[in-house]
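These notes concern the structure reproduced below.
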Amino acid sequence: MTDFLASDPVEITPIGILTSGFKEKFGTPRQSGLVAMPASIHMLPPFDTTDAFDGIDNFSHLWLAFLFHKNRGKGWLPKVRPPRMGGNEKRGVFATRSPFRPNGMGLSCVEFNGLRRARDGLWLDIIGADIMDGTPIIDIKPYIPYADSKTDARSSFAADAPKTTLQIEWQTTALERLAHLQVGHQNRQGIENLRKLVESTLSLDPRPAYQNDPNRIYGTRFFESDVKWQVIDKTAIILDILPLDQEKSEQQTQADAKHRT
C-alpha cells in the first residue's frame, strides 16, 4: 500500500446536477434552510439507480456535498470578508463558509422531499438548498441528529440565524406580470409559490453590505424570470417581473439604439 502524496491528483465525479429556481449567485441564500425553496437533483449514470437510495426515505434531512462550479479558475485568498460581518472585517477562509475555497467544495443540509423516476431519469427532490441551478452534486449522505446536531456548539459572527430585515411591497405592474407569468420548472411551481419565493428571498436582503443606494434597481433571476426591485426605507419594492427572453430583447434594443447614436 502506497502512502498518499500531497502532489497526487484527486478525481471527483459528479453524481448529479441540481435544478433550482435560483439561476445566479445573487439572490441564492447564503445558508441552507433560510428559504423553503423546492429543488431537485437529476442523478447521473451510473448513480441513477434506486438501489443506491434504498432506505433514504427513513431520513428527514440530507447532507449534500457540491462544487462551487461558477468559481472555477478564480482562485482563493487566505482571508475573506464574511457578509454577516458587514463586509468590513476579514476572517481566515477556514473560519468562514466563503465559496472561494482552495478546492471549491460546499456542504448543505437540506430536507428530503422524495425520490421519483421520470422519463429522463431518477430525481431526488429536496427543500431548502442554498445552491444555485446547474451545480454539480458530488455526494449525498443522511443527516443523523445525534451525531450532526451539537447543542453545546458555539460560533463567532453567525451565532443566530439572520433575521428578516426588509418588508415587501409589490407595485401593480409587478403583480400583473406575476398573474400572467408561466413558470417552467421540473417541480411545476405555481404562481403563488413563485411569489412566496421572491418575498422570502428578498426579505433577507441579498444585497452586498456595501450597497445601500436607494436609487439603485436590482435584478434577481428566479426560474426563467428577472425580478426588478429596489430598497427604500427598509422596504424591498418589487417593480416588475420580466421573462428572460423579453429582458434580453429589451437589452438588445437598447444596445442597438446606443450603437446608432
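Numbering follows our numbering, in which position 167 of the sequence shown is assigned residue number 232; successive positions increment by one, without gaps. Where a beta carbon is used, it is the ideal one built from N, C-alpha and C, also for glycine.
Compute the Euclidean distance between the alpha carbons of residue i and residue j, then round it to the nearest angstrom.
i       : j       : result
Ser-163 : Pro-147 : 7 Å
Phe-91  : Thr-285 : 7 Å
Thr-26  : Thr-200 : Residue 26 cannot be examined here, being either before or after the span of the chain that is shown, 66 to 326.
Asp-204 : Glu-89  : 22 Å
Tyr-283 : Gly-120 : 44 Å
Arg-281 : Ala-244 : 26 Å
Pro-273 : Asn-258 : 26 Å
Asp-32  : Ile-82  : Outside the shown range of the chain, which is 66 to 326, sits residue 32, and nothing can be said about it.
Asn-277 : Asn-153 : 14 Å
Gly-169 : Pro-279 : 34 Å
Ser-265 : Leu-246 : 19 Å
Leu-132 : Leu-99  : 20 Å
Arg-260 : Arg-242 : 11 Å
Grouping DSSP H, G and I as helix and E and B as strand, with all else coil, what is residue i?
i       : result
Asn-136 : helix
Arg-272 : coil
Asp-278 : coil
Gln-254 : Only weak support is given to the placement of Gln-254: the predicted model assigns it a pLDDT of 46, under 50, and the value that follows is read from those uncertain coordinates. In this structure, Gln-254 counts as coil in the three-state DSSP scheme.
Glu-264 : helix
Pro-148 : helix
Ala-244 : helix
Asp-190 : strand
Ile-121 : helix
Asp-298 : coil
Val-292 : strand
Pro-74  : coil
Phe-87  : strand
Pro-26  : With the chain covering only 66 through 326, there is no way to say anything about residue 26.
Pro-210 : helix
Val-175 : strand
For residue i, which residues from the same chain have a beta carbon less than 8 Å from its beta carbon, with the 5 sequence-adjacent residues on both sides left out?
i       : result
Ile-80  : Met-108, Leu-109, Phe-112, Ile-202, Ile-203, Asp-204 and Ile-205
Leu-309 : Arg-286, Glu-289, Ser-290 and Asp-291
Leu-304 : Gln-236, Thr-238, Ala-239, Ile-282, Lys-293, Trp-294 and Gln-295
Report back the beta-carbon spacing between residue i and residue j to the nearest angstrom; my notes put them in contact at under 8 Å.
i       : j       : result
Ala-194 : Ser-290 : About 19 Å separates the two Cβ atoms, so there is no contact after all.
Thr-101 : Ile-192 : Before going further, note that residue 101 is Ala rather than Thr in the sequence given. Their Cβ separation, rounded to whole angstroms, is 6 Å, which keeps Ala-101 and Ile-192 in contact under 8 Å.
Ile-297 : Ala-239 : At roughly 15 Å, the Cβ-Cβ gap does not stay under 8 Å, so Ile-297 and Ala-239 are not in contact.
Leu-262 : Ile-233 : With 8 Å as the limit, Leu-262 and Ile-233 do not qualify as a contact, their Cβ atoms being about 12 Å apart.
Pro-143 : Leu-269 : Incorrect: roughly 28 Å between the Cβ atoms, too far for contact.
Tyr-75  : Leu-127 : Rather than Tyr, the amino acid found at residue 75 in this sequence is Val. 23 Å between Cβ atoms; not a contact.
Leu-172 : Ala-130 : 6 Å
Thr-230 : Lys-155 : Contact doesn't hold; Cβ gap of about 23 Å is too wide.
Met-197 : Phe-69  : About 32 Å; that fails the 8 Å criterion.
Leaving out five residues before and five after residue i in sequence, what residues of the same chain have Cβ atoms less than 6 Å from its Cβ?
i       : result
Gly-249 : Confidence in Gly-249 is poor, its pLDDT being 44 and thus under 50, which makes the residue's placement too unreliable to answer from.
Trp-141 : Phe-165, Arg-166 and Pro-167
Leu-187 : Met-108 and Asp-113
Pro-271 : Gly-92
Ile-106 : Gly-81, Leu-83, Leu-189 and Ile-202
CB-CB under 7 Å to residue i, same chain, minus the five flanking residues each way: which ones, in chain order?
i       : result
Asn-178 : Pro-103, Asp-190, Ile-191 and Ile-192
Ala-124 : The residue asked about is misnamed: residue 124 is Phe in this sequence, not Ala. Result list for Phe-124: Phe-177, Pro-207 and Tyr-208, in chain order.
Ile-302 : Glu-234, Gln-236, Trp-294 and Gln-295
Gly-157 : Pro-143 and Lys-144
Thr-78  : none
Ser-220 : none
Thr-216 : none
Spell out a yes or no on whether the region 164-173 and the region 101-118 are touching, meaning 3 or more CB-CB pairs, one atom from each, closer than 8 Å.
No contact exists between the region 164-173 and the region 101-118.
Stretch pair the region 205-214 + the region 131-142: three plus CB contacts closer than 8 Å
no
Would you check if there are 3 or more beta carbon pairs closer than 8 Å linking the region 176-184 to the region 155-162?
no
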